[in-house]
Structures are given as C-alpha cells and as structure tokens.
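Using the working numbering, you'd call the opening residue of the sequence shown number 11 and step up by one each time. Note that CB positions come from ideal geometry on N, CA and C, so glycine has one too. Report on the following structure.
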Amino acid sequence: MVSKDAASVRVAWERKRELTDTLTAESPSPETEVALKLRGDLHDLRSEQPLLRARDAAEKLGVSEAELVACRCGEGVRRLAGPFGAIIKSFPSLGEVMVLTRNEHAVHEKVGTFAKISIFKSMGLVLDEAIDLRLFLDHWQSGYAVTENTRSGVRHSLQFFGSDGTAVHKVYLRDGSNREAYEDLVAQNLDPHQGPGQAVASLPARQPDRPDTEVDSTLLRKRWCELQDVHDFHAMLKDVGVGRTQAFRLVGEDYATRVGLETFKAALEAAAETATPIMIFAGNPGVIQIHTGPVERLKELGPWFNVLDEGFNLHLRMDAIDTAWIIRKPTRDGIVTSLEIYDAAGAQIAWMFGKRKPGELEREDWRRLVASLETGGGAA
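This is the structure we're talking about:
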C-alpha cells in the first residue's frame, strides 16, 4: 500500500500532468514535437525489431539513450527529480534487484541488495557484499522510472544518464523486489515536468596526452615507487602530468608489462579453472561497479566473451580491446597486481585484481595465475 504522503504527491502530480497535457495539446513546443516524432519512429522500429535493445535502438535512430527513454514520458516512463544521492539512499527498500553498469565495450550486471550507502557531496559508496559501487554523481544528469514490456513480461527499472544522454547506471526490479517501495520511491521523487523530451550536450573531447618526450619519466618512476595505496594512483598521474597508458609505456616493464589481447579472457578462464576468487571492475564516468568472488560459467558468443553466473554477468567485447597490461603498484601492504584492458581511444574497458581487502597481502593464487599468463605466451 502506498503511503498517504506518496498518494498526495501522486494526486498533485496527476493534476499537474493534466494541465501540462492540455497546454501541450494546444501549443506543443518544438522540443515536444521532436520527442513525439521520435516516439513514433521508435514505435515503428519496435514493430520491425521487437527484441532490439534500447542502446541499439537509440543508435539506429541517431539519438542518445536518454532521449529515447524521455520521448516515452507519459507512456510508461516517469521523469525523476534529483538530488540522485537521496534517491540512492532509498534503494535498500527495494529489496533484491539487478544493477547494471556499462561502458562502450563492457556490461557488468550484479544481483543483490543495497546496503552500507554513504553519500558525500558528489561522491558515493555502496559497500554491500554483492552490490559494490563507486559513485561520481556530478555525471548523473537525468533519471527515469521505466516500465516496459519484454519477452519475460512487464519490467520495471530506474535508469540514470549523463549529460550526453549515455546511461551511467540502471536498477532493475526482480520477482522478489518490493514493488510497493518502488512506487513509493517514484511518487516521492517525481519531477514536476513530465513532458516528453530530454536535452543532451556533447561531452568535451578527451585531451590528448603530452608527447612522451615532455614527460619526466624519472619523476614518474620515483612517484610510482613511492605509492602507498592503489587509490593514490590517479592523483599521481595527474601530478606528473601523464596519461594512464602513457605511464604504462614509460615507467618500465617491472611495473607495467604489455600483454596479448586475449590475456583478460585467459585470466577469466584460469580463474574459473582454479577457483581463484577475483575482483572485476567495469565502469563509466558516473559509476564503477565491482564483482568480488569466483567466476564459473564462461561462454563466447560472436565478439562477446561472457561470464554467465548466478548473480553476476559480464559481457566483454573482445574485438574492442586495443591494449592489455599487467600492472604492479607498490602499497603499504606490498605489491598489488592488476590486469587492465583499454580501447583504441585509451579508455579503460575493464580491470581485474585478486580478491583482497585493504590491509591484506595480495593472494598467492592470484600471483601464480598472473605469472602463468606472463610465462605462457601472453606477452605482446
């Protein structure tokens, strides 16, 4: 049952929507006309290709995914108002959900419940055993509650997008989720404006790295050797003025070894074979999502290499990998080793560690696994 406060909010929203619909019917704005045309184009496309995913449909129609979702406002889609950090704090009430974070070449899906949430200004953490997230809320610009028909029935989700309209994070209800809590959350966070359409803006172009000859490689190596925590790495790169893969090239092979493009796949296969627990990270500017534990069921489908485990799915576009690296960083707990993959633009696709908590030494089984990849012909 929806609470009285939520019911009042919903009644007020319905009245506001009726007024908005009346005004729109009399004199639709150019933005509304564009959104309604897009809605018609989407309907036609769905009629031809009913199983097409939203991201692929947006690409076919030449728009962002946020624009595609927003064109359906009033037709199974409700726009949410921020601040999104406050909405995230309500997620534990949903019970078990599936969360999805992706970038251009990797999709990371986890099933679990939200817990241990902390939000500080534009930063956030979710530290539940299953749902483990790092949040960068400056990149969360719009959000929607989405109801859609799928092959398996009606599906409800909360979807959030960056200023360019690219999805940063999605939360899907499951059979055991709390639908009443979902409706209550949506009702309490409705945006007053529920008309179709969403403005988006292009992101600034990524600044190219400085020429290698302008980087002080001696300083880079010194600062790398002095690292005390893996979380200090980004700040170190910024201080030295060097790009991430550029630093890998310049620091020396004892700290950064370039390996073959199949090495990440080989590491997953080795982890599955040896039951080595690992940590797999994937993300975008708004979210980093982490799986910790074993992997078991692996399957290759066309260009995608997949982990299809209960509670964790990873879909990795193998033909997008341009470089792969084994990286070793000094910390107060000893050397910490990662396996990282990048696309041709230098964007990080996914990265992997052995399972480890702060204050613990790196696992020997993970070190043996990485060593086997280096000696087994993985080097580029």
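Any non-hydrogen atom of the ligand ATP within 7 Å of R112 CB: This structure lacks the ligand ATP; in fact it carries no ligand of any kind.
Rounded distance between the beta-carbons of N188 and L104, thought under 8 Å: Working through the sequence shown from its first residue, we reach residue 104 at position 94. Working through the sequence shown from its first residue, we reach residue 188 at position 178. Indeed, because the Cβ distance is near 6 Å, the residues count as touching under 8 Å.
Pairwise C-alpha distance: A266 and D222: Start at 1 with the first residue of the sequence shown, and residue 222 comes out as number 212. Start at 1 with the first residue of the sequence shown, and residue 266 comes out as number 256. D222 and A266: Cα-Cα distance of roughly 16 Å.
Endpoints, beta strand (DSSP E) assigned at T157: Residue mapping note: residue 157 aligns to position 147 of the sequence shown, counting from 1. Taken as a continuous stretch (DSSP letters only), the beta strand (DSSP E) holding T157 covers 152–160.
Rounded separation between P218 and E190 - CA only: The residue labelled residue 218 in the question sits at position 208 within the sequence shown. The residue labelled residue 190 in the question sits at position 180 within the sequence shown. In a straight line, the C-alpha of P218 is about 49 Å away from that of E190.
Contacts around R373, its chain only, beta-carbon distance under 8 Å, and the 5 residues preceding and following it disregarded: On the sequence shown, position 363 is the one that residue 373 refers to. Answer for R373: T286, P287, G364, K365, R366, listed in chain order.
Test item: CB-CB of L349 and M328 under 8 Å: Taking the first residue of the sequence shown as position 1, residue 349 is located at position 339. Taking the first residue of the sequence shown as position 1, residue 328 is located at position 318. No. Outside cutoff.
Contained alpha helix (DSSP H) runs [length at least 4] in the segment 198–239, N- to C-terminal order: 227–235
The segment 190–200 contacting the segment 92–107, beta-carbon criterion three pairs below 8 Å: yes
CA nearest to the CA of H325, picked from I97, A116, A64, G50: In the sequence shown, residue 325 corresponds to position 315, counting from 1. Nearest C-alpha to H325: A116.
Boundaries (first-last residue) of the beta strand (DSSP E) holding A116: In the sequence shown, counting from the first residue as 1, residue 116 sits at position 106. Per DSSP, A116 belongs to the beta strand (DSSP E) from 116–122.
Spatially closest choice to D51 from S39, E41, L71, by CA coordinates: Numbered from 1 along the sequence shown, position 41 holds the residue referred to as residue 51. Comparing Cα-Cα distances from D51 to each of S39, E41, L71, the minimum goes to L71.
Reduced DSSP secondary structure (H/G/I, E/B, other) of V79: Your numbering for residue 79 matches position 69 in the sequence shown. If DSSP states are grouped into helix, strand and coil, V79 belongs with the helices.
Local conformation of D343 per DSSP, three classes: Taking the first residue of the sequence shown as position 1, residue 343 is located at position 333. Coil.
Length of the line joining the Cα atoms of Q151 and M289: Translated into positions along the sequence shown, residue 151 becomes position 141. Translated into positions along the sequence shown, residue 289 becomes position 279. Roughly 29 Å separates the two Cα atoms.
Cut-off 6 Å between Cβ atoms - residues of its own chain near S100, not counting five sequence neighbours on either side: As a position in the sequence shown, residue 100 is number 90, starting the count at 1. L195.
Close beta carbons around L308, own chain, < 8 Å, minus the five adjacent residues each side: Numbered from its first residue, the sequence shown carries residue 308 at position 298. Excluding sequence neighbours, L308 sits near L278, E279, A282, F315, N316, V317, L318.
Cβ-Cβ separation, V79 to V87 (assumed contact under 8 Å), whole Å: The residue you call residue 87 lines up with position 77 of the sequence shown. The residue you call residue 79 lines up with position 69 of the sequence shown. Their Cβ separation, rounded to whole angstroms, is 6 Å, which keeps V87 and V79 in contact under 8 Å.
C-alpha gap between K275 and P206, whole angstroms: What you label residue 275 is simply residue 265 of the sequence shown in a count that begins at 1. What you label residue 206 is simply residue 196 of the sequence shown in a count that begins at 1. Near 42 Å, if we compare the C-alpha coordinates of P206 and K275.
Whether H301 touches H118 by CB criterion (8 Å): Taking the sequence shown and counting its residues from 1, the one referred to as residue 301 is at position 291. Taking the sequence shown and counting its residues from 1, the one referred to as residue 118 is at position 108. The answer is yes: Cβ separation under 8 Å.
Residues bridged to A334 [DSSP beta-bridge criterion]: Here the question's residue 334 lines up with position 324 in the sequence shown. V269, I351.
Neighbourhood of E77 by C-beta distance below 8 Å, restricted to the same chain and skipping five residues each side: Numbered from 1 along the sequence shown, position 67 holds the residue referred to as residue 77. Cβ neighbours of E77 beyond the five flanking positions: A45, L48, A68, G175, G207, Q208, V210.
Same chain only: Cβ atoms within 6 Å of N294, ignoring 5 sequence neighbours per side: On the sequence shown, residue 294 is found 284 positions in, with the first residue counted as 1. Only N113, V178 meet the Cβ criterion.
Nonlocal neighbours in the same chain, by C-beta distance under 7 Å from L33, ignoring five residues either side: Stepping through the sequence shown from its first residue, residue 33 is reached at position 23. Interpretation of L33 is limited by its pLDDT of 41, a score under 50 that renders its predicted location unreliable; the figure taken from the coordinates is listed afterwards. Once the five neighbours on either side are set aside, L33 has no close Cβ partner at all.
Helix, strand or coil at R2 according to DSSP, with G and I counted as helix: Residue numbering for the chain in the displayed model covers 11 to 390; residue 2 lies beyond these limits and cannot be assessed.
Straight-line gap, G134 to D375 (C-alpha atoms, nearest Å): Along the sequence shown, read from residue 1 onward, the residue named residue 134 stands at position 124. Along the sequence shown, read from residue 1 onward, the residue named residue 375 stands at position 365. Approximately 32 Å between the Cα atoms of the pair.
Element boundaries [alpha helix (DSSP H), containing K47]: Start at 1 with the first residue of the sequence shown, and residue 47 comes out as number 37. It spans 40–58 - the alpha helix (DSSP H) in which K47 sits, taken as one unbroken run.
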